[in-house]
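Chemist:
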Ligand SMILES: NC(=O)c1ccc[n+]([C@@H]2O[C@H](COP(=O)([O-])OP(=O)(O)OC[C@H]3O[C@@H](n4cnc5c(N)ncnc54)[C@H](OP(=O)(O)O)[C@@H]3O)[C@@H](O)[C@H]2O)c1
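Residue numbers (my numbering): 151 to 498.
This is the structure in structure tokens:
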């Protein structure tokens, strides 16, 4: 039996994404075969495909051809020898980095995320990457407290809307930087919007919060935003940057600021957040936080903003939509049975 994947055949725009068929094989030792039910279209999928990711062109970057797709919800379809954490039929999530735009993917059996089967895969899949970043930057990096005043840079995106929802739930006073056309989503979560095209966010916040901010959550990772944010923090204030820097030179300049802020006695802290510790370190905090997020979704306390749902094999169109800059929240790819369930026509 064959299965289809969406392969980035070379670096470039969405047109380099092509459907490729491969034979379905049995999983190897320690491996599980996952039938993909939903995959998010994530910003890192796009930067990797365009060759603009931090590590593009280095041995750590994705090499074409590759299957993009950072975050997945699926069902365990087969397991290889020595897989004991999951069994066939289990609903799981995969923080895959790459490989999610496919009907099936193979993944380490000990790196699968338990997901309640009652959850809609379209709603659950943004929790695998965008919500874990939002939750951990708020609760583990910034250690926010109810009543604190927080600025979110990139508030209308997949992670930004997750920060707004989780921030409202945590009782924060929020400001958000976003395009004017998307301000309604920020006000809907009780945040005060700032238009980065026509307003200077430093001036706006300085006027509104003369005592300074407790926390800035920065999804842009640009030195101008970082310097402006640091200038707005009160004594004891925390800046957490989780965005992808524009390249190694930009990262180097940011790292110099990072060292200076954290070494010099100025009463402020600057943290950089990345999910790489999931692969390199202790997975337990991630599993705890995903479990919390799935519970919040089940209880209706969070509801991912989903701008559009596409059939899995229309990943190129879905990528083009996210790249257009018009999206608020998330874009999701769905397997045929879930796409048809929402009235869509799935052409194979
Ligand atoms: N650290 C990690 O582990 C991790 C994981 C996933 C993603 N990321 C990174 O986190 C960042 C955000 O990801 P995402 O998934 O939320 O992306 P997204 O859904 O594509 O959203 C991007 C956001 O950037 C905003 N934006 C664009 N230009 C801007 C500017 N000049 N000033 C302020 N905002 C601007 C957009 O705002 P408007 O549309 O309102 O203009 C949009 O809200 C990306 O850099 C991504 O690569 C990091």
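Idealized CB from N, CA, C, for every residue including glycine.
As the structure is a computational prediction, the values presented were derived from the model and not from experiment.
Do the segment 306-315 and the segment 264-282 meet, that is, are 3 or more Cβ pairs less than 8 Å apart?
Modeler: Yes: at least three Cβ pairs fall under 8 Å.
Chemist: Work out the CA separation of residue 218 and residue 206 for me, nearest whole Å.
Modeler: One C-alpha to the other measures close to 14 Å.
Chemist: Determine the burial state of residue 213: buried for a count of at least 16 other Cβ atoms within 10 Å of its Cβ, exposed for fewer.
Modeler: Burial call: exposed.
Chemist: Quick check: what's the CA-CA separation for residue 232 versus residue 179?
Modeler: Looking at the two C-alpha atoms, the distance is approximately 6 Å.
Chemist: So, helix, strand or coil for residue 392, using DSSP?
Modeler: Of the three classes helix, strand and coil, the one that applies to residue 392 here is coil, per DSSP.
Chemist: With DSSP collapsed to three states, give me the class of residue 294.
Modeler: In the structure shown, residue 294 sits in coil (DSSP, three-state: anything other than H, G, I, E or B).
Chemist: For the alpha helix (DSSP H) holding residue 158, just list the boundary residues, first then last.
Modeler: Run containing residue 158: none in the alpha helix (DSSP H); it sits in the beta strand (DSSP E), 152-158.
Chemist: Below 8 Å CB to CB, which residues in the same chain sit around residue 400 once its five sequence neighbours on both sides are set aside?
Modeler: Cβ within range, chain order: 371, 372 and 373.
Chemist: Does the Cβ of residue 412 have 16 or more other Cβ atoms within 10 Å, making it buried, or fewer, making it exposed?
Modeler: Residue 412 should be labelled exposed.
Chemist: Hey, is residue 412 close to ligand 1, as in C-beta under 8 Å from one of its heavy atoms?
Modeler: Residue 412: no, Cβ never under 8 Å from ligand 1.
Chemist: I'd like the span of the beta strand (DSSP E) that includes residue 281, first residue to last.
Modeler: It is not in any beta strand (DSSP E) - residue 281 carries neither H nor E in the DSSP assignment.
Chemist: Name the DSSP beta bridge partners of residue 325, please?
Modeler: DSSP lists 301 and 342 as partners of residue 325.
Chemist: Taking the alpha helix (DSSP H) that residue 413 belongs to, which residues open and close that run?
Modeler: Looking at the DSSP string, the run of the alpha helix (DSSP H) that includes residue 413 is 398-413.
Chemist: May I have the straight-line CA-CA distance separating residue 220 from residue 405, to the nearest angstrom?
Modeler: Distance between the alpha carbons of residue 220 and residue 405: 26 Å.
Chemist: First and last residue of the beta strand (DSSP E) that includes residue 254?
Modeler: From DSSP, the beta strand (DSSP E) with residue 254 extends over 254-258.
Chemist: Using the C-alpha atoms, what's the distance from residue 298 back to residue 321?
Modeler: Cα to Cα, residue 321 sits roughly 8 Å from residue 298.
Chemist: What's the gap between the Cα of residue 263 and the Cα of residue 165?
Modeler: Those two C-alpha atoms are separated by around 32 Å.
Chemist: When we look at the beta-carbon of residue 440 and count the other beta-carbons within 10 Å, is it buried (16 or more) or exposed?
Modeler: Burial call: buried.
Chemist: From the DSSP output, read off the bridge partner residues of residue 506.
Modeler: No statement about residue 506 is possible, as the shown extent of the chain runs from 151 to 498 and does not include it.
Chemist: Could you tell me which of 251, 390 and 316 sits nearest to residue 424, measuring between CA atoms?
Modeler: Cα-wise, what sits closest to residue 424 is 390.
Chemist: Less than 6 Å between C-beta atoms, sequence neighbours within five positions excluded: which residues of the same chain meet that for residue 228?
Modeler: Within the same chain, residue 228 has close Cβ partners 177 and 183.
Chemist: In chain order, what residues of the same chain lie with their CB nearer than 6 Å to the CB of residue 385, ignoring the 5 residues before and after it?
Modeler: Correct list, in chain order: 417.
Chemist: Is it the case that the Cβ atoms of residue 407 and residue 380 are separated by a distance below 9 Å?
Modeler: A contact, by the Cβ cut-off of 9 Å.
Chemist: Once you ignore the five residues that flank residue 202 on each side, which residues in its own chain have a CB closer than 6 Å to its CB?
Modeler: For residue 202, where only same-chain residues beyond five positions count, there are no Cβ hits under 6 Å.
Chemist: Report yes if the C-beta of residue 392 is less than 8 Å from at least one heavy atom of ligand 1; otherwise report no.
Modeler: Yes, Cβ of residue 392 sits closer than 8 Å to a heavy atom of ligand 1.
Chemist: Taking 8 Å as the line, does the beta carbon of residue 432 fall inside it for any heavy atom of ligand 1?
Modeler: Checking every heavy atom of ligand 1 against the Cβ of residue 432, none is found closer than 8 Å.
Chemist: Relative to ligand 1, is the shortest distance from any of its heavy atoms to the C-beta of residue 442 smaller than 8 Å?
Modeler: Residue 442: no, Cβ never under 8 Å from ligand 1.
Chemist: How big is the Cα-Cα spacing for residue 343 and residue 236?
Modeler: Straight-line Cα distance between these residues: approximately 44 Å.
Chemist: Under the three-state reduction of DSSP, which class applies to residue 320: helix, strand or coil?
Modeler: Reduced to three states, the DSSP call for residue 320 is coil.
Chemist: Counting only C-beta atoms, is residue 328 closer than 9 Å to chain B at any point?
Modeler: No chain B is part of this structure, which consists of one protein chain only.
Chemist: To the nearest angstrom, how far is it from the Cα of residue 468 to the Cα of residue 486?
Modeler: Their Cα atoms are separated by approximately 15 Å.
Chemist: Starting from residue 184, follow its DSSP beta bridges and name the residues at the other end.
Modeler: Residue 184 pairs with 226 and 255.
Chemist: Closer than 8 Å is the cut-off here; do at least three beta carbon pairs connect the segment 425-434 with the segment 447-455?
Modeler: The segment 425-434, when compared against the segment 447-455, does not touch it at the 8 Å Cβ threshold.
Chemist: Measure the Cβ-Cβ separation of residue 366 and residue 301 and say whether it is below 9 Å.
Modeler: Taking 9 Å as the Cβ cut-off, residue 366 and residue 301 qualify as a contacting pair.
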